[in-house]
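Read through the structure below, which is laid out as structure tokens, and then see the notes.
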Amino acid sequence: MVNDPENSPNKVGAVLVVGGGIAGIQASLDLAEAGYKVYLAEKRSAIGGHMAQLDKTFPTNDCAMCTISPKLVDAARHLNIEVLTNTDILDISGSAGAFTVKTGKRPRYIDPAKCTACGDCEKACPVEIVGKFDEGLVRQKAAHKLYPQAVPNAYAIDKIGVSPCRDACPAGQRAQGYIAHIRNGDYEAAMRTIKLDNPFPGICGRICNHRCEDACNRGNLDEPLDIRALKRFVTDKAYETPYQPPERAERKFTEKIAVVGSGPCGLTAARDLILEGYEVTVYEALPVAGGMLRVGIPAYRLPTSIIDREIREIEDLGVKINLSHAVEDVDELFGAGYGAVLIAVGAHEGIRLPIPGSELPGVFTNTSFLRDVRLGQPPDLGDKVIVIGAGDVAMD
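Residue numbers (my numbering): 1 to 396.
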């Protein structure tokens, strides 16, 4: 510790005030008027503390709010005060006059610099949560402003952990979000929510193994929600309307990226990368795009029209797909000017049984047989056929 912090050679002219209640606000104002740079850290999405909550004591905003609201305005406008909301203090080191503080800022999911506090997000938000500002007495929308006079005058979204269905989904699909929109009859918003994480809603609505349903808490009461069927329902409803191509993605970076393989992995990555602003080209050895979606699953389970529509949407964003173009040497792609290459070739080689005769003519692996059939080149099978296995692929 420095005995005389006023004369410390490492003294900095800044002060951190922890807590955005009336005491923290007044201390910040006094320090700012004295010429210090003040950082006012508050763990919630707005300053005001418990005094702001006391406006509920009187229905006409008397007393507490009348007293604190001028202070809120002064703190927000003072050039020497920087308000840090959703901020936690993680570590303090150093000595008096020269402390170093490590903070953690939790996302509010709405940019205060762009938010006009119009309240449209709150009206459109389908999710309700317990209102912490009102001590759990009322429910509020997940998109909300902490209280009407909040500083910063901006909305925030409270996300309470990760839902079990989303946690179980390999794609991180926000099932609880689009189901809430479906419940409210807003199918367009449900479709937008699905496509944030998943460019293949029509496909997954038919063939997904729905791990989300296995994790659904509703199953502890009676039965889990039929999440996959709900995804298919809203997608089929959207696809009843004529196709409207999406707006072409804006190019933000000069780098080019190559994707080898046009299966679900390659196309999803291509979609995400082009939306980030990169130029993306997909190379596919087969004459059709889609990978195992197209050549590994029969049309009666997954209609070709659904695959084509969802791939077309990715192409219309600006992704180039080169068909019948096998990549033999990745270095050639780097030599062609690509800054990165994603290899997403899938697993197209079938596994033969380690038994005598498995290499004989007329013995097919599942992947090669299904691929030939889907490409319109079914092999000659003769009069009798035996299928070894009884799983989904065997049934197909």
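C-beta atoms are modelled at their ideal positions from N, C-alpha and C, and glycine is treated no differently.
Along the region 212-241, the alpha helix (DSSP H) occurs as fully enclosed runs of 4 or more residues at 227-239, listed in sequence order. Using a Cβ distance threshold of 7 Å, A340 and C265 do not count as a contacting pair.
In the DSSP annotation of this structure, the continuous segment of the alpha helix (DSSP H) that includes E122 starts and ends at D120 to A124. Separation of G357 and F364 (C-alpha to C-alpha, rounded to the nearest whole angstrom) is 11 Å.
Your pair Y187 and A229 does not check out as a contact, with CB atoms roughly 14 Å apart and the cut at 8 Å.
In the three-state reduction of the DSSP assignment, I179 falls in the helix class. Under DSSP, L16 shares a beta bridge with Y39. Setting aside the 5 residues that flank it on each side, E310 is surrounded in the same chain by P199, F200, P201, G202 and I203, each with a C-beta closer than 8 Å to its C-beta; the list follows chain order. Judged by DSSP in its simplified three-state form, E128 adopts strand.
For F99, the uninterrupted beta strand (DSSP E) run begins and ends at A98 to K105, by DSSP. DSSP places Y187 in the uninterrupted alpha helix (DSSP H) bounded by Y187 to D197. Contact between the region 348-357 and the region 301-316 is absent: fewer than three C-beta pairs spanning the two stretches fall below 8 Å. Between the beta-carbon of E313 and that of P246 there is about 6 Å, and that keeps the pair under the 8 Å contact cut. Listed in chain order, the alpha helix (DSSP H) elements of length 4 or more contained wholly in the region 257-324 are 264-276, 292-295 and 304-316. For the options L146, A156 and L16, the alpha carbon positioned closest to that of F99 is the one of L16. Around the C-beta of K231, 16 or more other C-beta atoms lie within 10 Å, and the residue is accordingly described as buried. In this structure, I182 sits away from A171, with a CB-CB distance that is not shorter than 7 Å.
Looking at P152, R206, T116 and L79, the one whose alpha-carbon comes closest to that of E42 is P152. Pairing G263 with G346 gives a Cβ-Cβ distance under 7 Å.
Note: L84 is bridge-paired with A41 in the DSSP secondary-structure output. When Cβ pairs closer than 8 Å are counted between the two stretches, the region 83-91 is seen not to touch the region 66-73, the count staying below three. Residue burial annotation: P107 is exposed, with fewer than 16 other C-beta atoms found within 10 angstroms of its C-beta. Taking the C-beta atoms as reference points, C212 is found no nearer than 7 Å to A180. Per DSSP, the beta-bridge partners of I89 are T103.
Bridge partners of I47 according to DSSP: V151.
Out of D30, K195, I194 and D214, the CA that lies nearest to the CA of A168 is found in D214.
Short of 6 Å from the beta carbon of Q173, and not among the five residues preceding or following it, lie these beta carbons of its own chain, in chain order: D197 and N198.
In the three-state scheme derived from DSSP, where H, G and I count as helix and E and B as strand, S95 is classed as strand. In this structure the region 24-36 does not lie against the region 109-118, because fewer than three pairs of beta carbons, one per stretch, are closer than 8 Å. Cβ atoms of V259 and A269 come within 8 Å of each other, at about 6 Å. The Cβ-Cβ distance between L137 and A46 does not fall below 7 Å.
The Cβ atoms of C115 and Y155 lie closer than 7 Å to each other. Counted as a single uninterrupted DSSP element, the alpha helix (DSSP H) harbouring R374 occupies residues N366 to R374. A143 and A117 have their alpha carbons spaced roughly 11 Å apart. Its Cα nearest to that of G131, the residue R44 stands out among K102, L225 and R44. In the assembly as shown, M65 is a buried residue. Its beta-carbon has 16 or more other beta-carbons within 10 Å.
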